[in-house]
RNA sequence: UGGGGCGUCGUCAAGUGGCUAAGACACAGGAUUUUGAUUCCUGCAUUCGGAGGUUCGAGUCCUCCCGCCCCAGCCA
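In our numbering, the protein residues as written are 6 to 560.
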C-alpha cells in the first residue's frame, strides 16, 4: 500500500533502530472503542498503525476495546469496520475484541488477588474520590485495603456471581495511594455492571476497566509497538506494573500527539452532541469530520491518507490547518475528476444572431490533466444559462468576465458579446441579449484577438436539474474545541455551513452521474447516495477550487 | 510546594555537536493557460521559548527561568 516514500517520524526511526540490533516482526494494532464513529483523528492513528505494519512487512490487528457494555453497540462495530476498509486498510483475519479476553482477564485479576496485589473495596464512588486525594495531596488507604486474600477471593467470586448491586463493590489494585501519579493510587480493576454486552450477552455482570484491559490485550496479542495518544503517557507506569506483576509479555508503548484540526471538533462526545441536538443530520452528515461524513461528502480516501502522511507524527500538541486537508483533496481530484459544466445560479443568455432551432454538439475535454480521459459532446443552442456572478453591469477594473459591450468566451463553444441587459419591473437583471461570433467555434478566435474571460454554461433545452449542496466550515471559530474560547458549542456553529441550491442546471451528461466531478470553475462535487425530497439527484460540494478572483474581489 | 509531556517560520514538521536551519501548507509577487483552476518560477526563520554556561564549534550537551498541554470516571 505504500504508494510513494512516506515521510519518516520518530516512531518509525525508533523501529528502524531496533531492527538493526534484533530481528522481529513489527506488530501493531488499531484499538477503537465501538461507542461512536471514526473521524479524521482516528484516520491518523489507522494510517500510522497499518502504515507501519505495511512499511516493515508486519501485522496490524483491528481490535475493539469493548469493555463498557453500557456505551457500546454492534452497529458501531460494523460502521468502524466499514470505515477502516473504505480508508484502504485490510486487517485480514486479525480481527479481535477485548471481550474475547474476559476469561483471561478475570484469571489475571485472581492472580493479582492471590499475590496480595488486589483487593475488593466497599467504598462508594464519592468516598473513593475523597480517599484519592488531590493533585498536590496524597490519598489515603481504604479501610478495606487489608482484607485477607481469602476474603478478597470470596468477595470477587461473589461479585462475578451477581451477589452485589452495581456500585456496591469494586476490585482495586493495591499499589500506592501516595503516588504522584494518580493512576497508581489503587486504580479500579473491575466494576459491577449489570448490563448486557453486545458480544458476551449476560455472561458477565462485572467488567474490567480499560486500564486493566488494554495493556494486557496488547500483551496477549503480542503487539510489539503499542501506539497511543499523549494522554495515556502517565498510564504507562500502570500498564507496566500489571505486566510485571502478571509476568506476561511486555509490549512497548509509544505515545504521539492526537490530531487537532482548526474549524472542527474531534471529540467523540461533542460530535455525539451535534448529532443528538440535531445540529447536523447524522454521523455521516457531509459537514462532519467523521470518515462516514467525509465519504458521503466525496473526500477520496487517497486524499485522507496523503493528508495523514503529510501532517507527520510528533509529540507536540499541534493544530493542523484545515487548508492542508483541502489541498490534499484538490490535489487528488485535480488528477482524477471529470470536468463538467453546471450552473448554480442561472442567468439567461439569448444569442440573438444564433438560428432559432439550431443545436450544435460541441466537443468538451473530460480532463485536461489526463490525456486518456477523452472528450464528450455538449449540446449548444440559442438560449443558454451562465452564472449570475459572471456578469456585472458596472464591473470594477480587474473584472474580466461579461459586462455590457464586452466579449467573453463560452468554454468549448463561441465568443459572445453582451448587447443588451433586460430587467424586470424591480430592476433585477433577468436576461442578457448577446451576439455570438460564428468565426470562433469551439472558442478559438480567427483574428488572433485575445479573449480574457471564459465562462461555463448550460443549454436551456438540454439542461438537467439537480439539487446541489454547498458546504462551509461547521464552525466560525478557528478553535471550537477550546472551551475557553468556546464555552458553548452552539454559539460558534456556522449558520452558513450548508447552502442548498434546489435547482442547479447541469449539462445532460450528468444524468447518470456517479462519483466525483469537477464542476468547471466552481469546485469538486460528488453524488450523494440519497435523493432530494423531489426525487432529484443531490450533488455535494467536496471543496471549492482555489479562487484568486474571490481574493481580489474581497480587497 | 504532586506527577507526566511539549516548546524550531502564520500552520504542521525535519534536524540525534561541525557546510549558508530540510520540506509541505498558507501567504505575496511573476510567467503560461479556452477553468481568475492546474502547472511553472521567485520570495518567505542571521535564527531555533528566555537567560547563562560547556565547547574551536550548540537548535542539538549542562543549569536556571518562562509558557502551553494532560491527569483527581466504578469512561476510553
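Where is the CB? At the ideal position from N, CA and C, for every residue including glycine. Just so we're clear, the structure is a prediction, and the values are computed from it rather than from any experiment.
The count of Cβ pairs closer than 8 Å, one atom from the region 64 to 75 and one from the region 95 to 113, reaches three, so the stretches are in contact.
Put simply, the backbone Cα of residue 111 is about 15 Å away from that of residue 73.
In this model, residue 346 and residue 307 are separated by some 25 Å (Cα to Cα). Within the DSSP bridge table, the entry for residue 446 names no partner. Counting every other CB atom within 10 Å of its CB across the protein chains shown gives residue 75 a total below 16, marking it as exposed.
Restricted to the region 201 to 258, the alpha helix (DSSP H) segments that are unbroken, complete and at least 4 residues in length are 215 to 225 and 241 to 251, listed in chain order. For residue 223, same chain residues with a beta-carbon under 6 Å away, outside a window of 5 residues either side, are 231 and 256 in chain order. Distances from the CA of residue 154 to each of 122, 357, 369 and 410 were compared; the closest alpha carbon is that of 122. Counting along the chain, residue 81 sits inside the alpha helix (DSSP H) bounded by residues 79 to 92. For residue 491, no alpha helix (DSSP H) segment is defined, and its DSSP state is neither H nor E.
Linking residue 377 to residue 304 through their CA atoms gives a straight-line distance of about 23 Å. With respect to residue 472, residue 506 sits close: the two C-beta atoms are nearer than 8 Å. Inter-residue distance for residue 176 and residue 205 is about 21 Å (C-alpha atoms, whole angstroms). In the structure shown, residue 500 adopts coil according to DSSP, grouped into three states.
Here DSSP, grouped into helix, strand and coil, assigns residue 364 to coil. With a threshold of 16 other beta carbon atoms within 10 Å, residue 300 meets it and is buried. Per DSSP, the unbroken alpha helix (DSSP H) holding residue 55 starts and ends at 45 to 60. In this structure, residue 157 sits away from residue 243, with a CB-CB distance that is not shorter than 8 Å. Under a 10 Å Cβ-count criterion, residue 36 is classified as buried, with 16 or more other Cβ atoms of the shown protein chains found around its own Cβ. Within the same chain, and ignoring the five residues on either side of residue 125 in sequence, the residues whose Cβ sits closer than 6 Å to its Cβ are 157, 160, 161, 174 and 176. The Cβ-Cβ distance between residue 391 and residue 420 does not fall below 8 Å. Residue 388: member of the beta strand (DSSP E) spanning 388 to 392, first to last residue. Between residue 502 and residue 476, the CB-CB gap stays under 8 Å. Counting the other Cβ atoms within 10 Å of the Cβ of residue 462 gives 16 or more, which makes it buried. For residue 20 against residue 57, the beta-carbon gap comes to about 7 Å, under 8 Å, which counts as contact. DSSP places residue 18 within a helical segment (H, G or I) once states are collapsed to three. With contacts defined as CB atoms closer than 8 Å, residue 215 and residue 196 fail to qualify as a contacting pair. Distance from the CA atom of residue 438 to the CA atom of residue 459, rounded to whole angstroms, is 18 Å.
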